[in-house]
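Protein chains: 2
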Amino acid sequence: MRYFEDLEAGESHDLGTVSLSADEIREFGEQYDPMPMHVDPEVTEPFGGLVASGYHTLAAVNRVVVDEFRSGVAGIAGMSIENHRWHAPVYPDEELTVTLELAERRPSAGRPGTGIVRECVTVTRDGDDGPEPVLTYDSVGLVRRRED
Amino acid sequence: MRYFEDLEAGESHDLGTVSLSADEIREFGEQYDPMPMHVDPEVTEPFGGLVASGYHTLAAVNRVVVDEFRSGVAGIAGMSIENHRWHAPVYPDEELTVTLELAERRPSAGRPGTGIVRECVTVTRDGDDGPEPVLTYDSVGLVRRRED
Numbered sequence: 001m002r003y004f005e006d007l008e009a010g011e012s013h014d015l016g017t018v019s020l021s022a023d024e025i026r027e028f029g030e031q032y033d034p035m036p037m038h039v040d041p042e043v044t045e046p047f048g049g050l051v052a053s054g055y056h057t058l059a060a061v062n063r064v065v066v067d068e069f070r071s072g073v074a075g076i077a078g079m080s081i082e083n084h085r086w087h088a089p090v091y092p093d094e095e096l097t098v099t100l101e102l103a104e105r106r107p108s109a110g111r112p113g114t115g116i117v118r119e120c121v122t123v124t125r126d127g128d129d130g131p132e133p134v135l136t137y138d139s140v141g142l143v144r145r146r147e148d
Numbered sequence: 149m150r151y152f153e154d155l156e157a158g159e160s161h162d163l164g165t166v167s168l169s170a171d172e173i174r175e176f177g178e179q180y181d182p183m184p185m186h187v188d189p190e191v192t193e194p195f196g197g198l199v200a201s202g203y204h205t206l207a208a209v210n211r212v213v214v215d216e217f218r219s220g221v222a223g224i225a226g227m228s229i230e231n232h233r234w235h236a237p238v239y240p241d242e243e244l245t246v247t248l249e250l251a252e253r254r255p256s257a258g259r260p261g262t263g264i265v266r267e268c269v270t271v272t273r274d275g276d277d278g279p280e281p282v283l284t285y286d287s288v289g290l291v292r293r294r295e296d
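Top line first, the protein sequences correspond to chains B and E.
Taking the working numbering, the leading residue of the first sequence gets 1, the next gets one more, and so forth.
Taking the working numbering, the leading residue of the second sequence gets 149, the next gets one more, and so forth.
Okay, structure coming up:
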């Protein structure tokens with residue numbers, strides 16, 4: 001397990017890929033975001049077919065972040081999402097590539113024994129001219145410090 | 149259906165309440181955020197029991213926003229989450245109260261026929277000294293303009 005002191009500002013990780021099937025998109029949409037473009041495969045406006053709820057993309061990317069990075073870190077809690085942007089609609093079965101940069105680490109002033117860590121997450125897909133951004137955000141959270 | 153022109157900056161809406169059961173918290177956690185505090189009812193650190201994934205709270209609140217507000221607006225797409233903060237852990241079966249203020253509306257410079265709308269969402273629970281914030285965020289999105 002890596003603690004606050006074991007993390008380095010600037011470390012960067014390729015976390016792999018994730019895709020959302022049409023069934024998964026509809027299921028999430030029906031439960032959490034039942035707008036027509038997230039639940040109705042016949043919808044034509046505004047995107048010409050089913051697109052994933054942005055909250056679904058965020059949750060599915062979070063799963064990748066947990067599996068490939070955060071499960072190995074002594075995290076305590078998420079504090080905020082910052083610098084967030086959904087850049088483009090996500091269609092069924094698109095392969096999304098997830099990378100993470102640990103952009104900042106600082107001791108918490110108010111909570112002894114903890115530090116604050118900023119994970120900058122970038123999600124892209126292959127476009128005609130190379131990788132295109134789909135979703136970018138920072139996840140800011142508390143991480144446990146080593147007990148001396 | 150309300151279009152961009154029908155919305156008023158400053159309009160405020162009580163959207164009702166939502167709660168997350170222990171089963172729902174575990175199910176979401178296993179799918180999207182399998183950290184111990186979101187999936188293991190026996191976990192004691194750091195919160196003394198199961199707490200909801202912040203992404204789950206966000207998605208469940210989004211469902212309330214869609215049902216009680218956004219389904220009546222000619223929305224096109226979400227653009228970003230801004231000013232986001234998870235203020236406190238959410239435990240099973242806590243009643244969360246959701247309010248929304250439409251804080252900003254402006255025509256989109258780049259996308260004719262659309263406007264940009266900022267929904268400020270506040271989620272609270274009852275505390276000893278009145279409502280306590282649990283989650284606050286702005287949802288910024290594109291809304292269709294009326295065709296003249």
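We treat Cβ as the ideally placed atom computed from N, Cα and C, and that holds for glycine.
Just so we're clear, the structure is a prediction, and the values are computed from it rather than from any experiment.
- Of all residues in the region 208 to 242 of chain E, the ones placed with a Cβ closer than 8 Å to any Cβ belonging to chain B are A208, N210, R211, V214, D215, R218, S219, G223, I224, A225, G226, M227, S228, I229, E230, H232, R233, W234 and P237, in chain order.
- Within 10 angstroms of the beta-carbon of E11 (chain B) lie fewer than 16 other beta-carbons, which makes it exposed.
- As for any alpha helix (DSSP H) of minimum length 4 sitting wholly inside the region 70 to 112 of chain B, there is none.
- Apart from sequence neighbours up to five positions away, the residues of its chain that approach L15 (chain B) with a beta-carbon distance below 7 Å are V64, V65, E68, F69, V98, T99 and L100, ordered along the chain.
- Selection E:A222, E:A251 and E:Q179 evaluated against M149 (chain E) yields E:A222 as nearest (Cα-Cα).
- The beta carbon of D126 (chain B) sits no closer than 8 Å to any beta carbon of chain E.
- Annotation for G196 (chain E): no alpha helix (DSSP H) segment contains it, and DSSP assigns it neither H nor E.
- Taking N210 (chain E) as reference, the option from B:Y32, B:E147, B:D40 and B:R144 with the minimal CA-CA separation is B:Y32.
- Cβ-Cβ distances below 6 Å link F195 (chain E) to M185 and P237 in the same chain, with the five nearest sequence neighbours on each side left out; the list follows chain order.
- For the pair T165 (chain E) and L244 (chain E), the Cα-to-Cα distance works out to about 5 Å.
- Classified as buried, P182 (chain E) has 16 or more neighbouring CB atoms from the shown chains inside 10 Å of its CB.
- V121 (chain B) and E82 (chain B) have their C-alpha atoms spaced approximately 10 Å apart.
- Counting the other CB atoms within 10 Å of its CB gives G202 (chain E) a total of 16 or more, which places it among the buried residues.
- The straight-line gap separating the alpha-carbon atoms of G226 (chain E) and S139 (chain B) is approximately 19 Å.
- In the structure shown, G54 (chain B) adopts helical secondary structure according to DSSP, grouped into three states.
- Ranked by Cα distance from A109 (chain B), the options B:E30, B:F28, B:V143 and B:E8 are led by B:V143.
- DSSP places R145 (chain B) outside both helix and strand once states are collapsed to three, so it counts as coil.
- Under the three-state reduction of DSSP, Y137 (chain B) is assigned to strand.
- For M35 (chain B), the neighbours in chain E by C-beta distance under 8 Å run, in chain order, V214, R218, S219 and G223.
- Between the beta-carbon of V282 (chain E) and that of T272 (chain E) there is about 6 Å, and that keeps the pair under the 8 Å contact cut.
- Contact residues of the region 115 to 144 of chain B toward chain E are absent (C-beta to C-beta distance below 7 Å).
- Looking at the DSSP output, S160 (chain E) bridges to E:E249.
- Using a CB distance below 7 Å, the part of the region 38 to 56 of chain B facing chain E consists of P46, G54 and Y55, ordered along the chain.
- Per DSSP, the beta bridge partners of E280 (chain E) are E:R273.
- In terms of Cβ geometry, W86 (chain B) and S228 (chain E) form a close pair [threshold 8 Å].
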